[in-house]
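Chemist: My structure is below; once you've seen it, I'll send some questions.
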Amino acid sequence: AAWMVSSPTMRGNVGLGYGTQVSLDGEHADPAALADEAVARATLEGIVGRVETTAPAGAVLVYRDPAGGLSAALVRGETAAVLHAFPELRAATLQVFSAHDLSLSGTTKAFLEAYSVGRFQSSVRAFGRHLPRDERELERALAGERRYARLRIQPAPVVTL
136 AAWMVSSPTM RGNVGLGYGT QVSLDGEHAD PAALADEAVA RATLEGIVGR VETTAPAGAV
196 LVYRDPAGGL SAALVRGETA AVLHAFPELR AATLQVFSAH DLSLSGTTKA FLEAYSVGRF
256 QSSVRAFGRH LPRDERELER ALAGERRYAR LRIQPAPVVT L
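Counting in the numbering used here, the sequence shown runs from 136 upward without gaps.
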């Protein structure tokens, strides 16, 4: 069993929580799906909805990057999901953290199908970072995490000597 601080009173900046975190990076994805806000919303709602069956519904927060693409987050109950879509790179990242039973295969299947991902890598760990529940703080966190995700998945420049 996973233990977590009571989520209704928990602040998003308290640090790490114990549970399951699934991280997926996908490339060679469908650029049209990556640019579509409705796909991001439906993907997060579907994945989180399978885990949080009794928690009150929360809204998906979408951050549109002025440079292109979008990021989205959904925090519901003791589950949080963050998606970053980069149409120009044909890539996406997804992180889902939950104190509940989180299926790697179900989460991966939903991600791959939503974005027609060609190649992907995944990782699973037994802890994750809590997301802010305040909308402004969450949007700021999304923007920062998006910059990090871009650095991580962007192809390295070719260097010639």
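C-beta atoms are modelled at their ideal positions from N, C-alpha and C, and glycine is treated no differently.
Between which two residues does the alpha helix (DSSP H) containing Leu286 stretch?
Modeler: On the sequence shown, position 151 is the one that residue 286 refers to. Where Leu286 is concerned, the enclosing alpha helix (DSSP H) stretches over 270–288.
Chemist: Buried or exposed for Leu296, going by 16 or more other Cβ atoms inside 10 Å?
Modeler: Numbered from its first residue, the sequence shown carries residue 296 at position 161. Exposed, by the Cβ-count rule.
Chemist: In the DSSP assignment, what are the bridge partners of Asp160?
Modeler: What you label residue 160 is simply residue 25 of the sequence shown in a count that begins at 1. Partner(s): Thr228, Gln256.
Chemist: Based on Cα-Cα distance, which residue from Gln289, Arg260, Phe262 lies nearest to Ala227?
Modeler: Reading the sequence shown from its first residue, position 92 is the one you call residue 227. When each option's Cα is compared against that of Ala227, the closest is Gln289.
Chemist: What does the alpha-carbon distance come out to for the pair Glu162 and Leu196?
Modeler: On the sequence shown, position 27 is the one that residue 162 refers to. On the sequence shown, position 61 is the one that residue 196 refers to. Each residue's Cα considered, the two are about 23 Å apart.
Chemist: So, helix, strand or coil for Val217, using DSSP?
Modeler: The residue given as residue 217 occupies position 82 in the sequence shown. DSSP places Val217 in strand when its eight states are reduced to three.
Chemist: What three-state label does DSSP hand Leu247 in the structure shown?
Modeler: If you number the sequence shown from 1, residue 247 lands on position 112. Leu247: helix per DSSP, three-state reduction.
Chemist: Helix or strand or just coil, what does DSSP make of Gly193?
Modeler: Position 58 of the sequence shown, counted from the start, is the residue given in the question as residue 193. Note: Gly193 maps to coil in three-state DSSP.
Chemist: My guess is that Leu218 and Glu180 are in contact by the Cβ rule of under 8 Å, so how many angstroms apart are they, rounded?
Modeler: As a position in the sequence shown, residue 218 is number 83, starting the count at 1. As a position in the sequence shown, residue 180 is number 45, starting the count at 1. 11 Å between Cβ atoms; not a contact.
Chemist: Let me make sure I understand the geometry here. Which of Ala207, Ser258, Ala245 has the alpha-carbon closest to that of Ala220?
Modeler: Against the sequence shown, residue 220 aligns to sequence position 85. Looking at the Cα atoms, Ala207 is the closest of the given residues.
Chemist: To the nearest whole angstrom, what separates the beta carbons of Leu229 and Leu277, a pair I think is in contact under 8 Å?
Modeler: Taking the first residue of the sequence shown as 1, we reach residue 229 at position 94. Taking the first residue of the sequence shown as 1, we reach residue 277 at position 142. About 13 Å separates the two Cβ atoms, so there is no contact after all.
Chemist: Taking only three categories from DSSP, how would you classify Trp138?
Modeler: Taking the sequence shown and counting its residues from 1, one reaches residue 138 at position 3. Caution applies to Trp138, whose pLDDT of 37 falls short of 50 and renders its modelled position unreliable; the value that the coordinates give is listed next. Three-state result, Trp138: coil.
Chemist: Should Tyr283 go down as buried or exposed, given a rule of 16 or more other Cβ atoms within 10 Å for buried?
Modeler: Translated into the one-based positions of the sequence shown, residue 283 becomes position 148. It is exposed - the Cβ of Tyr283 has fewer than 16 other Cβ atoms within 10 Å.
Chemist: Using a Cβ-Cβ cutoff of less than 8 Å, which residues in the same chain neighbour Arg264 once the five nearest sequence positions on both sides are dropped?
Modeler: Residue numbering aside, residue 264 sits at position 129 when the sequence shown is read from its first letter. Once the five neighbours on either side are set aside, the close Cβ partners of Arg264 are Gly150, Leu151, Gly152, Phe232.
Chemist: Note down, in chain order, each residue of its chain lying with its Cβ closer than 8 Å to the Cβ of Val259, except the 5 sequence neighbours on either side.
Modeler: Counted from its first residue, the sequence shown places residue 259 at position 124. Around Val259: Thr155, Gln156, Val157, Ser158, Leu239.
Chemist: Since Gly204 and Leu247 should fall inside the 8 Å C-beta cutoff, what is the C-beta to C-beta distance between them, to a whole number of angstroms?
Modeler: On the sequence shown, residue 204 is found 69 positions in, with the first residue counted as 1. On the sequence shown, residue 247 is found 112 positions in, with the first residue counted as 1. About 19 Å separates the two Cβ atoms, so there is no contact after all.
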